[in-house]
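Structure record follows, encoded as C-alpha coordinates.
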Amino acid sequence: MTAVDETGLGIRSTTQLIGDAVKQFRAQVPECIGAGLVDMSTGMLLAADTLDEHPHEVLDLIAAATFDLFQGRNVVMIEEIFKARYGVLDDRHYFQEFLAQSDSHVHVFLRSSNQDIAAVVIARKTANTGMILTQSRLVMKQLDAGLS
(Lines of atoms letter the chains of each structure in order from A and count residues from 1; the text may use other names and numbers.)
(Lines give C-alpha, C1' and ligand atoms only; values in the text may rest on other atoms or scores of the structure.)
Protein backbone atom coordinates (compact mmCIF):
# COMPACT_ATOMS: atom_id res chain seq x y z
CA MET A 1 0.00 0.00 0.00
CA THR A 2 1.30 3.45 -0.85
CA ALA A 3 0.06 6.95 -0.20
CA VAL A 4 0.70 10.41 -1.54
CA ASP A 5 2.92 12.57 0.63
CA GLU A 6 1.04 15.76 1.51
CA THR A 7 4.24 17.76 1.01
CA GLY A 8 4.16 16.81 -2.66
CA LEU A 9 7.48 14.98 -2.45
CA GLY A 10 6.10 11.76 -3.85
CA ILE A 11 4.68 8.42 -2.82
CA ARG A 12 5.46 6.87 0.56
CA SER A 13 4.77 3.33 1.66
CA THR A 14 2.61 2.55 4.66
CA THR A 15 5.76 1.50 6.51
CA GLN A 16 7.31 4.90 5.84
CA LEU A 17 4.15 6.71 6.94
CA ILE A 18 4.04 4.75 10.19
CA GLY A 19 7.72 5.28 10.89
CA ASP A 20 7.38 9.00 10.20
CA ALA A 21 4.29 9.24 12.42
CA VAL A 22 6.03 7.93 15.55
CA LYS A 23 8.85 10.39 14.94
CA GLN A 24 6.29 13.18 14.55
CA PHE A 25 4.60 12.26 17.84
CA ARG A 26 8.00 12.50 19.55
CA ALA A 27 8.85 15.80 17.84
CA GLN A 28 5.49 17.58 18.12
CA VAL A 29 3.97 16.41 21.42
CA PRO A 30 5.33 18.50 24.31
CA GLU A 31 7.78 16.61 26.54
CA CYS A 32 7.05 13.35 24.71
CA ILE A 33 9.28 10.52 25.88
CA GLY A 34 7.84 7.81 23.66
CA ALA A 35 5.28 6.92 21.04
CA GLY A 36 4.17 3.76 19.33
CA LEU A 37 1.63 2.55 16.82
CA VAL A 38 -0.27 -0.71 17.25
CA ASP A 39 -2.01 -2.82 14.60
CA MET A 40 -5.50 -3.29 16.04
CA SER A 41 -6.18 -6.44 14.01
CA THR A 42 -3.27 -8.30 15.63
CA GLY A 43 -2.25 -6.26 18.69
CA MET A 44 1.31 -6.11 17.37
CA LEU A 45 3.58 -3.11 17.63
CA LEU A 46 4.11 -1.53 14.21
CA ALA A 47 6.68 1.10 15.22
CA ALA A 48 8.02 2.88 18.27
CA ASP A 49 10.23 5.86 19.00
CA THR A 50 11.39 6.39 22.57
CA LEU A 51 13.72 8.75 24.38
CA ASP A 52 15.35 5.88 26.28
CA GLU A 53 16.04 2.37 25.10
CA HIS A 54 13.52 -0.19 26.34
CA PRO A 55 13.61 -3.96 25.94
CA HIS A 56 11.47 -5.12 23.03
CA GLU A 57 9.45 -7.23 25.50
CA VAL A 58 8.34 -4.06 27.33
CA LEU A 59 7.28 -2.40 24.08
CA ASP A 60 5.36 -5.54 23.10
CA LEU A 61 3.56 -5.47 26.47
CA ILE A 62 2.57 -1.84 25.92
CA ALA A 63 1.22 -2.80 22.49
CA ALA A 64 -0.78 -5.67 23.99
CA ALA A 65 -2.13 -3.40 26.73
CA THR A 66 -3.15 -0.81 24.12
CA PHE A 67 -4.98 -3.51 22.18
CA ASP A 68 -6.76 -4.68 25.35
CA LEU A 69 -7.64 -1.12 26.32
CA PHE A 70 -9.47 -0.58 23.04
CA GLN A 71 -10.64 -4.07 22.14
CA GLY A 72 -10.55 -6.24 25.23
CA ARG A 73 -13.59 -8.44 25.73
CA ASN A 74 -15.09 -6.35 28.53
CA VAL A 75 -14.42 -3.07 26.72
CA VAL A 76 -16.19 -4.34 23.60
CA MET A 77 -19.17 -5.43 25.72
CA ILE A 78 -19.35 -1.96 27.31
CA GLU A 79 -19.14 -0.37 23.87
CA GLU A 80 -22.05 -2.45 22.63
CA ILE A 81 -24.17 -1.46 25.64
CA PHE A 82 -23.36 2.26 25.16
CA LYS A 83 -23.98 2.08 21.40
CA ALA A 84 -27.37 0.42 21.99
CA ARG A 85 -28.31 2.91 24.70
CA TYR A 86 -27.38 5.95 22.63
CA GLY A 87 -28.66 4.63 19.30
CA VAL A 88 -25.29 4.40 17.59
CA LEU A 89 -25.79 2.25 14.52
CA ASP A 90 -22.39 2.28 12.78
CA ASP A 91 -19.67 -0.34 13.11
CA ARG A 92 -17.08 2.05 14.53
CA HIS A 93 -15.82 1.40 18.01
CA TYR A 94 -17.46 3.64 20.60
CA PHE A 95 -14.25 4.52 22.46
CA GLN A 96 -11.77 6.51 20.38
CA GLU A 97 -9.38 7.94 22.98
CA PHE A 98 -8.17 7.24 26.49
CA LEU A 99 -6.07 9.38 28.79
CA ALA A 100 -4.23 7.90 31.76
CA GLN A 101 -2.08 9.77 34.23
CA SER A 102 0.55 8.27 36.47
CA ASP A 103 2.55 10.12 39.10
CA SER A 104 5.02 11.33 36.49
CA HIS A 105 3.56 10.77 33.02
CA VAL A 106 0.53 11.37 30.81
CA HIS A 107 -0.40 8.45 28.54
CA VAL A 108 -2.63 9.17 25.55
CA PHE A 109 -4.19 6.34 23.54
CA LEU A 110 -5.83 7.28 20.21
CA ARG A 111 -7.56 5.16 17.60
CA SER A 112 -7.09 6.02 13.92
CA SER A 113 -10.11 7.06 11.89
CA ASN A 114 -10.00 3.81 9.93
CA GLN A 115 -9.99 1.94 13.29
CA ASP A 116 -7.02 -0.25 12.23
CA ILE A 117 -4.27 1.55 14.11
CA ALA A 118 -3.97 2.89 17.63
CA ALA A 119 -1.28 5.18 18.96
CA VAL A 120 0.14 5.37 22.43
CA VAL A 121 1.92 8.60 23.32
CA ILE A 122 3.71 9.10 26.64
CA ALA A 123 4.77 12.54 27.86
CA ARG A 124 6.07 13.93 31.10
CA LYS A 125 3.34 15.14 33.43
CA THR A 126 4.97 18.58 33.58
CA ALA A 127 3.68 19.29 30.05
CA ASN A 128 0.28 20.87 29.52
CA THR A 129 -2.21 18.00 29.16
CA GLY A 130 -4.35 19.96 26.69
CA MET A 131 -1.34 20.52 24.45
CA ILE A 132 -0.39 16.85 24.69
CA LEU A 133 -3.89 15.88 23.51
CA THR A 134 -4.04 18.56 20.81
CA GLN A 135 -0.66 17.70 19.31
CA SER A 136 -1.33 13.95 19.53
CA ARG A 137 -4.60 14.40 17.68
CA LEU A 138 -2.89 16.54 15.03
CA VAL A 139 -0.25 13.90 14.31
CA MET A 140 -2.92 11.16 14.20
CA LYS A 141 -4.96 13.26 11.78
CA GLN A 142 -1.90 13.63 9.53
CA LEU A 143 -1.31 9.88 9.65
CA ASP A 144 -4.96 9.20 8.81
CA ALA A 145 -4.73 11.58 5.84
CA GLY A 146 -1.63 9.81 4.57
CA LEU A 147 -3.20 6.37 4.93
CA SER A 148 -6.44 7.26 3.15
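Using this note's numbering, the letters of the sequence shown correspond one by one to residues 865 to 1012. Idealized CB from N, CA, C, for every residue including glycine.
So what's GLN892 in DSSP terms, helix, strand or just coil?
-> Three-state DSSP puts GLN892 in a helix.
Could you tell me whether the Cβ atoms of GLN960 and GLN888 are closer together than 8 angstroms?
-> No, these two residues do not count as a Cβ contact at 8 angstroms.
Cutoff 8 angstroms; reference LEU881; Cβ partners in own chain excluding five residues on either side | The residues are ALA867, LEU1007, GLY1010, LEU1011.
Reducing DSSP to helix, strand and coil, say where ASP980 ends up.
-> Coil at ASP980, not helix or strand.
Within the same chain, show all residues whose beta-carbon is closer than 8 angstroms to that of SER1000, passing over the 5 residues directly before and after it, in chain order.
-> If we look at SER1000 and ignore the five residues flanking it on each side, its Cβ neighbours are PHE889, VAL893, VAL972, LEU974, ALA983, VAL985.
Closest to ASN938 by CA distance: which of TYR958, GLY951, VAL952 is it?
-> Nearest to ASN938 by C-alpha distance, out of TYR958, GLY951, VAL952, is TYR958.
Shortest alpha-carbon distance to LEU909 belongs to which of GLU917, ASP916, LEU915, GLY900?
-> Taking LEU909 as reference, the option from GLU917, ASP916, LEU915, GLY900 with the minimal CA-CA separation is GLY900.
Quick one: measure Cβ to Cβ for ALA927 and GLY907, integer angstroms, because I've assumed they're closer than 8 angstroms.
-> Indeed they touch by this definition, with Cβ atoms about 6 angstroms apart.
Please classify ALA1010: does DSSP put it in a helix, a strand, or coil?
-> Checking the displayed sequence, the identity of residue 1010 turns out to be Gly instead of Ala. Reduced to three states, the DSSP call for GLY1010 is helix.
Expressed to the nearest angstrom, what Euclidean distance is found between the alpha-carbon atoms of ILE996 and CYS896?
-> Approximately 8 angstroms between the Cα atoms of the pair.
In or out: VAL886 buried (at least 16 other Cβ within 10 Å) or exposed?
-> It counts as buried.
Between the C-alpha atoms of ASP869 and VAL902, what's the straight-line distance to the nearest angstrom?
-> Low confidence applies here, because ASP869 scores a pLDDT of 49, under 50, leaving its location unreliable; read the following figure in that light. Whole-angstrom Cα-Cα distance: 22 angstroms.
What span of residues does the alpha helix (DSSP H) with PHE931 cover, start to end?
-> PHE931 -> alpha helix (DSSP H) spans 920-935.
Rounded separation between VAL952 and PHE946 - CA only = If I take the Cα positions, the gap works out to 8 angstroms.
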